[in-house]
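Chains as they are written, first to last, in my numbering: chain B, 1 to 171; chain R, 1001 to 1171. Each residue gets a CB set at the ideal place from its N, CA and C atoms; glycine is no exception. Contents: one structure, followed by commentary.
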DNA sequence: CGTCGTGGTCTGTTCAACAGACCAATCGAG
DNA sequence: CTCGATTGGTCTGTTGAACAGACCACGACG
C-alpha cells in the first residue's frame, strides 16, 4: 500500500491512522505484539509474510513510534510503545466485528480484566469497575469460537494458552 | 491487497475483519458512508480513487454485506447495512488514535449523542446515559483539530457542517 | 569444527493500483 | 427536440508493491 499509503490531502484522523497501520500486515503485527510476540522470526512464523516485507513493516512501525526495537543480546526484540498500546481499543473493536460477522459460535478469543477477574464486554469495558482497561491489565484465552485444529507450531500453541497481554513470550 | 487479502489459515477475528475492510480505501469508504455519502461520484470526489478500484471496492463491500446497493431512479445509492453500521466502534477508535498520534490541537471531529445532547468521550461512550451509542444517534461537527483550509469542493463543505451520521446528503 | 537459528539483503516475477481514454444512459436547459 | 453535463461505469497500458526464494553474516551449541 505504501505508495498510496499517503492518503494525502485528507484532513481526517482515520486517514492519518491508516497511513500508519492501514498497510497490509501492519495491524496483524500489532495484534501479535499485544499477544507477546517480540522476535522477527516469531512474527514470521505466525504470519507467513515475506522477510523483505516484514523488515519493511517492522521498520515503518518503529519509525511511526508504534513499536520500539531493543537490541537484546544475540537477537532483537520489537515491543509496543505507549502509542502502540493505545491501539488496543481499535484492535479490540475490529476483532469483535470480525467475530460478529464471521463466527457463529461467539468470540474466538476472550479477555479478562485481571484486577476484577471478569471478562470485558463487547465494547471492551469491564462490567465491574466500569472502566475500559488498558491491554496490560488483560488476560486472554481462547473463546467458544476458537478453531479446533491443533496449532501449526509451538509458538501458536503457547499463544493459545491463557496469558497476560503484552507479556513477552521469551526473554 | 486483494491477492493477499485472504489472510488464510489465520484463526483470528482480526484477520477475518481485515479480509473485508483491510484493503486500501475500504475503511475510508465506510467512514464516508457514515458521514452520509451514498453516490459513486461523491465517493470519488472525496477520495481521489481510480474509478476501476472504486467499482471493485464498492462491489466487494456489497458482497461482504457491509454496504447495500439501492437502485434509485437515475443513480445508485450505496448505504451501510446493519453489519456495516456495526463497524462504528472500530472506525471511531481508529479516528481517536489518529487524533492522539497526529493532532496537537485535539480531535478533528466531534460526535454528540443527540438524545442526551453531550459529546461522547474518548472511548465512544456517552457520559450521561453511559451507553456506547450507535452511529445513528450521533451528530458530528468539526473539532478543534480540524484543518483551517477551505474545503476543496461543495461536498466536503457540506460534510463539515454539523449533521447526523448515516443521514444521506442527497435524496 | 560443523550446523542450526537469527535477522536480515537481493533478485526476478506477479499482480493490484493507477492514470486516463472511452462509453451508454439519464437529466436539465434552451 | 436537441445539446451538453452528469452519472456510473469498462478497458488499456504502466508502475510499483508484495511474493518466493536464494544468499549471507553472526552467534550459540554440540
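Inset, instruction - Could you pull out every residue in the same chain whose Cβ sits closer than 6 Å to the Cβ of residue 1036 of chain R, ignoring the five residues on either side in sequence? - result: Within the same chain, residue 1036 of chain R has close Cβ partners 1167, 1168, 1169.
Inset, instruction - Look up residue 101 of chain B in the DSSP assignment and say whether it is helix, strand or coil. - result: Secondary structure of residue 101 of chain B (DSSP, three-state): helix.
Inset, instruction - With residue 1160 of chain R as the anchor, note down where its beta strand (DSSP E) starts and where it stops. - result: Where residue 1160 of chain R is concerned, there is no enclosing beta strand (DSSP E), although the alpha helix (DSSP H) it sits in stretches over 1154–1160.
Legend entry - Completely contained alpha helix (DSSP H) runs for the segment 47–129 of chain B, where each covers 4 or more residues: Correct list: 51–63, 82–85, 88–102.
Legend entry - chain R contacts made by the segment 56–76 of chain B, where a contact means CB separation under 7 Å: So nothing in the stretch comes that close.
Inset, instruction - Starting from residue 1019 of chain R, trace the beta strand (DSSP E) both ways and give me its first and last residue. - result: No beta strand (DSSP E) holds residue 1019 of chain R; the alpha helix (DSSP H) holding it covers 1013–1021.
Inset, instruction - Give a yes or no on whether the C-beta atoms belonging to residue 1030 of chain R and residue 1087 of chain R are separated by under 8 Å. - result: Going by C-beta atoms, residue 1030 of chain R is nearer than 8 Å to residue 1087 of chain R.
Inset, instruction - Using a Cβ-Cβ cut-off of less than 7 Å, give me the residues of the segment 142–164 of chain B that come near chain R, in sequence order. - result: Shown in chain order are the members of the segment 142–164 of chain B whose Cβ falls below 7 Å from a Cβ of chain R: 146, 147.
Legend entry - Per DSSP, the bridge partner or partners of residue 140 of chain B: Looking at the DSSP assignment, residue 140 of chain B forms a beta bridge with B:111, B:163.
Inset, instruction - Examine the Cβ distances between the segment 11–25 of chain B and the segment 1097–1108 of chain R and report whether three or more of them are shorter than 8 Å. - result: The segment 11–25 of chain B makes contact with the segment 1097–1108 of chain R; the number of CB pairs closer than 8 Å reaches 3 or more.
Inset, instruction - Out of R:1164, R:1090, R:1133, state which residue places its alpha-carbon closest to the alpha-carbon of residue 96 of chain B. - result: Looking only at R:1164, R:1090, R:1133, the smallest Cα-Cα distance to residue 96 of chain B is reached by R:1090.
Legend entry - Neighbourhood of residue 120 of chain B by C-beta, 6 Å cutoff - its chain only, sequence neighbours within 5 removed: Take residue 120 of chain B, set aside five residues on each side of it, and the residues of its chain with a beta-carbon closer than 6 Å to its own are 111, 113, 126, in chain order.
Inset, instruction - Measure the alpha-carbon distance for residue 1040 of chain R versus residue 1054 of chain R and round it to whole angstroms. - result: Answer to the nearest angstrom: the Cα atoms are 8 Å apart.
Inset, instruction - Pull up the distance between the alpha-carbon of residue 11 of chain B and that of residue 152 of chain B, whole angstroms please. - result: Separation of residue 11 of chain B and residue 152 of chain B (C-alpha to C-alpha, rounded to the nearest whole angstrom) is 43 Å.
Inset, instruction - Compare the C-beta of residue 1127 of chain R with all C-beta atoms of chain B and state if any pair is closer than 8 Å. - result: So, not an interface residue.
Legend entry - Per-residue contacts from residue 1078 of chain R into chain B (C-beta, under 8 Å): Result: empty, since nearest Cβ-Cβ is about 18 Å, beyond 8 Å.
Legend entry - Within chain R, the residues that residue 106 of chain B reaches when beta carbons sit closer than 9 Å: Residues of chain R passing the Cβ test: none, with the nearest at roughly 10 Å.
Inset, instruction - Answer yes or no: does any C-beta atom of chain R fall closer than 8 Å to that of residue 16 of chain B? - result: At least one chain R Cβ lies under 8 Å of residue 16 of chain B.
Inset, instruction - In angstroms with no decimal places, state the Cα-to-Cα distance between residue 1148 of chain R and residue 69 of chain B. - result: Using only the alpha carbons, I get a separation of about 37 Å.
Legend entry - residue 155 of chain B vs residue 135 of chain B beta-carbon contact at 8 Å: For the pair residue 155 of chain B and residue 135 of chain B, the CB atoms are not nearer than the 8 Å cut-off.
Legend entry - 7 Å Cβ cut-off: residues of chain B touching residue 1091 of chain R: For residue 1091 of chain R, the chain B residues whose Cβ falls inside 7 Å of its Cβ are 14, in order along the chain.
Inset, instruction - Would you mind working out which of B:159, B:133, B:129, B:48 sits nearest residue 140 of chain B, comparing C-alpha positions? - result: Looking at the Cα atoms, B:159 is the closest of the given residues.
Inset, instruction - Please decide whether residue 28 of chain B counts as near chain R, where near means a Cβ-Cβ distance under 8 Å. - result: Yes, contact with chain R.
Inset, instruction - Answer yes or no: do residue 1059 of chain R and residue 1081 of chain R have a C-beta to C-beta separation smaller than 8 Å? - result: No; because the gap between Cβ atoms is not below 8 Å, this pair is not in contact.
Legend entry - Interface flag, residue 101 of chain B vs chain R, CB-CB below 8 Å: Answer yes: the Cβ-Cβ gap between residue 101 of chain B and chain R drops below 8 Å somewhere.
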